[in-house]
Amino acid sequence: MSETPSAPGAQSRVCGVVVTFHPDIPALTRLLELIAPQVDSLVIVDNGSDTDLTSLKETFHAQLECLGENYGIARAQNVGIKIARELKASHVLLLDQDSLPAPDMVDQLIAAEHSLRADGKKVAAVGANYVDPRQGETGSFVYRDGLRLKRRPMTAPDAIVETDFLIASGSLTPIDVFDEVGDMVDELFIDYVDIEWGLRARAMGYFSYGVFSAHMEHALGDDHIPFRGHRVPLHSPLRHYYQLRNAVWLIRQSWLPKVWTALLVWRMFRQFLFFTAAAPKGLKHGQMMLAGIADGLRGRMGAK
Numbered sequence: 267m268s269e270t271p272s273a274p275g276a277q278s279r280v281c282g283v284v285v286t287f288h289p290d291i292p293a294l295t296r297l298l299e300l301i302a303p304q305v306d307s308l309v310i311v312d313n314g315s316d317t318d319l320t321s322l323k324e325t326f327h328a329q330l331e332c333l334g335e336n337y338g339i340a341r342a343q344n345v346g347i348k349i350a351r352e353l354k355a356s357h358v359l360l361l362d363q364d365s366l367p368a369p370d371m372v373d374q375l376i377a378a379e380h381s382l383r384a385d386g387k388k389v390a391a392v393g394a395n396y397v398d399p400r401q402g403e404t405g406s407f408v409y410r411d412g413l414r415l416k417r418r419p420m421t422a423p424d425a426i427v428e429t430d431f432l433i434a435s436g437s438l439t440p441i442d443v444f445d446e447v448g449d450m451v452d453e454l455f456i457d458y459v460d461i462e463w464g465l466r467a468r469a470m471g472y473f474s475y476g477v478f479s480a481h482m483e484h485a486l487g488d489d490h491i492p493f494r495g496h497r498v499p500l501h502s503p504l505r506h507y508y509q510l511r512n513a514v515w516l517i518r519q520s521w522l523p524k525v526w527t528a529l530l531v532w533r534m535f536r537q538f539l540f541f542t543a544a545a546p547k548g549l550k551h552g553q554m555m556l557a558g559i560a561d562g563l564r565g566r567m568g569a570k
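Counting from 1 along the sequence shown, just add 266 to a position and that's the residue number in our numbering.
What follows is the structure in structure tokens.
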């Protein structure tokens, strides 16, 4: 077999794609300081911010693509992936503006991906183990167990575990996998973008893996709600609209296994009850979730 850029043992060329939307400049600068030395090329895709990012582009020798308005994270990621292809990258590393990778995160991801492929695994993506610094809890890696989603325990600091999907930020994907599986779905706009892609890849025989030795800080949600000893991430009512709308859209896809349909329906039901009852301004959350379900059934996608 001829050796391709993303084959095990080949020289990897990683393109980092950072999506921004009205970013906090000091936080974004810190992210770029950490990731620039770890990648071969760097792309910033801005979703219509009113902040001039030219100085950061020059400081970090990044390619800056300003979309002019907010087209959503899915399209921004697709723009970054397209540029990565043009730059002849072997891998794409996706990052949100509020993530902070460890100095060796990319090396750990590349090593894990090469090891998995050397073992004959069809790798969709490998992802970093993230901690929300506000909560001090690890994000860990999710898998389906019946009609519930559970987290893989860390059995060893260097463990690599199979997961049903990864959050996009901190995920590393071989460019040839995007060629096979396809890019993100633009009309999802935000939320369920990474879940949909991971499950679609899995339906095509590609698997996602979590890498415990690859570390990253990542803020999940706007706030949190204490519940039974846990801190449940709290998003805005608008984000809950997108989550339920896009879950309905995903359920309607013919390739989705029936067990995932049942899981998502159950998850939506629990999400609606919990946030309507427990979130501040719960009635507004409930109204937006119902609107999301209605639009999902009607096929009304894109920006709200």
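Backbone N, C-alpha and C fix where the C-beta goes; we use that ideal spot for every residue, glycine too.
Subject >> Val477 beta carbon less than 8 Å from that of Ala355 >> reply: Mapped onto the sequence shown, residue 355 falls at position 89. Mapped onto the sequence shown, residue 477 falls at position 211. When the beta-carbon positions are compared, Ala355 and Val477 stay at least 8 Å from each other.
Original post:
Which residues in the same chain have their Cβ closer than 6 Å to the Cβ of Met554, if we skip the five residues on either side of it in sequence?
Top reply: Along the sequence shown, read from residue 1 onward, the residue named residue 554 stands at position 288. Same-chain partners within the cutoff: Pro503, His506, Tyr507.
Original post:
Where Asn336 and Ala342 are concerned, what is the direct C-alpha to C-alpha distance, given to the nearest angstrom?
Top reply: Working through the sequence shown from its first residue, we reach residue 336 at position 70. Working through the sequence shown from its first residue, we reach residue 342 at position 76. A straight-line Cα-Cα distance of about 9 Å links Asn336 and Ala342.
Subject >> Strand pairing of Ser474, partner residues [DSSP] >> reply: Locating residue 474 in the sequence shown gives position 208, counting from the first residue. Beta-bridge pairing links Ser474 to Ala391, Thr429.
Original post:
Roughly how many angstroms separate the alpha carbons of Leu432 and Trp521, rounded to a whole number?
Top reply: If you number the sequence shown from 1, residue 432 lands on position 166. If you number the sequence shown from 1, residue 521 lands on position 255. Near 19 Å, if we compare the C-alpha coordinates of Trp521 and Leu432.
Original post:
CB-CB under 7 Å to Leu353, same chain, minus the five flanking residues each way: which ones, in chain order?
Top reply: Residue 353 sits at position 87 when you count from the first residue of the sequence shown. Here Leu353 has Cys281, Ser307 as same chain residues with Cβ atoms under 7 Å from its own Cβ, once five neighbours each way along the sequence are excluded.
Original post:
Cα separation between His551 and Ala545?
Top reply: The sequence position of residue 551 within the sequence shown is 285, counting from 1. The sequence position of residue 545 within the sequence shown is 279, counting from 1. Looking at the two C-alpha atoms, the distance is approximately 8 Å.
Original post:
For the alpha helix (DSSP H) that Pro503 lies in, which residues bound it at each end?
Top reply: On the sequence shown, position 237 is the one that residue 503 refers to. Counting along the chain, Pro503 sits inside the alpha helix (DSSP H) bounded by residues 503-517.
Subject >> Coarse secondary structure for Ala572, derived from DSSP in three states >> reply: In the structure as shown, the chain starts at 267 and stops at 570, and residue 572 therefore has no counterpart that could be examined.
Original post:
How many Å lie between Leu556 and Phe535 at the Cα?
Top reply: Taking the sequence shown and counting its residues from 1, the one referred to as residue 556 is at position 290. Taking the sequence shown and counting its residues from 1, the one referred to as residue 535 is at position 269. Roughly 11 Å separates the two Cα atoms.
Original post:
Under three-state DSSP, which class holds His357?
Top reply: Residue numbering aside, residue 357 sits at position 91 when the sequence shown is read from its first letter. Here His357 sits in strand by DSSP.
Subject >> Neighbourhood of Arg418 by C-beta, 7 Å cutoff - its chain only, sequence neighbours within 5 removed >> reply: Sequence index remark: in the sequence shown, residue 418 carries index 152 (1-based). Counting only residues of its own chain and dropping the five nearest sequence neighbours on each side, Arg418 has a CB closer than 7 Å to the CB of Ser406, Phe407, Tyr409, Val427, Thr429, Gly476.
Subject >> Same chain only: Cβ atoms within 7 Å of Pro303, ignoring 5 sequence neighbours per side >> reply: Working through the sequence shown from its first residue, we reach residue 303 at position 37. None.
Original post:
Near Met482, what residues of its chain come up, given a Cβ to Cβ distance below 8 Å and the 5 sequence neighbours on each side ignored?
Top reply: Looking up residue 482 in the sequence shown gives position 216. These residues qualify, in order along the chain: Ser365, Leu366, Pro367, Ala368, Met371, Ala394, Asn395, Tyr396, Val397, Ser435, Gly436.
**OP:** Give a yes or no on contact between the region 309-316 and the region 370-387, applying the rule of three or more CB pairs nearer than 8 Å.
**Re:** Contact between the region 309-316 and the region 370-387 is absent, because fewer than three Cβ pairs lie under 8 Å.
Original post:
Roughly how many angstroms separate the alpha carbons of Gly464 and Ile441, rounded to a whole number?
Top reply: Here residue 464 refers to the residue found at position 198 when the sequence shown is read from its first residue. Here residue 441 refers to the residue found at position 175 when the sequence shown is read from its first residue. Cα-Cα distance, rounded: 15 Å.
Original post:
Per DSSP, which one or two residues make a beta bridge with Lys416?
Top reply: The sequence position of residue 416 within the sequence shown is 150, counting from 1. Lys416 pairs with Tyr409.
Original post:
Short check: CB of Ala378 to CB of Val358, under 8 Å?
Top reply: Stepping through the sequence shown from its first residue, residue 378 is reached at position 112. Stepping through the sequence shown from its first residue, residue 358 is reached at position 92. Contact: no.
Original post:
By how many angstroms is the C-alpha of Ala328 removed from the C-alpha of Asn344?
Top reply: The sequence position of residue 344 within the sequence shown is 78, counting from 1. The sequence position of residue 328 within the sequence shown is 62, counting from 1. The straight-line gap separating the alpha-carbon atoms of Asn344 and Ala328 is approximately 17 Å.
Original post:
By a C-beta neighbour count over all protein chains shown, 10 Å radius and 16 as the cutoff for buried, is Val285 buried or exposed?
Top reply: On the sequence shown, position 19 is the one that residue 285 refers to. Val285 should be labelled buried.
Original post:
Is it the case that the Cβ atoms of Ile347 and Asp449 are separated by a distance below 8 Å?
Top reply: Position 81 of the sequence shown, counting from 1, holds the residue named residue 347. Position 183 of the sequence shown, counting from 1, holds the residue named residue 449. The answer is yes: Cβ separation under 8 Å.
Original post:
Would you call the CB atoms of Gly558 and Leu500 closer than 8 Å?
Top reply: Walking along the sequence shown from the start, residue 558 turns up at place 292. Walking along the sequence shown from the start, residue 500 turns up at place 234. Result no, Cβ atoms of Gly558 and Leu500 do not sit closer than 8 Å.
**OP:** Would you tell me roughly how many angstroms separate the C-alpha atoms of Gly568 and Trp532, rounded to the nearest one?
**Re:** Counting from one through the sequence shown, the residue named residue 568 turns up at place 302. Counting from one through the sequence shown, the residue named residue 532 turns up at place 266. Linking Gly568 to Trp532 through their CA atoms gives a straight-line distance of about 24 Å.
Subject >> Exposure of His484, with buried meaning 16 or more beta-carbon neighbours within 10 Å >> reply: Within the sequence shown, numbered from 1, the residue matching residue 484 stands at position 218. So His484 ends up on the buried side.
Original post:
Are Leu539 and Leu530 close, meaning C-beta to C-beta below 8 Å?
Top reply: What you label residue 539 is simply residue 273 of the sequence shown in a count that begins at 1. What you label residue 530 is simply residue 264 of the sequence shown in a count that begins at 1. Contact: no.
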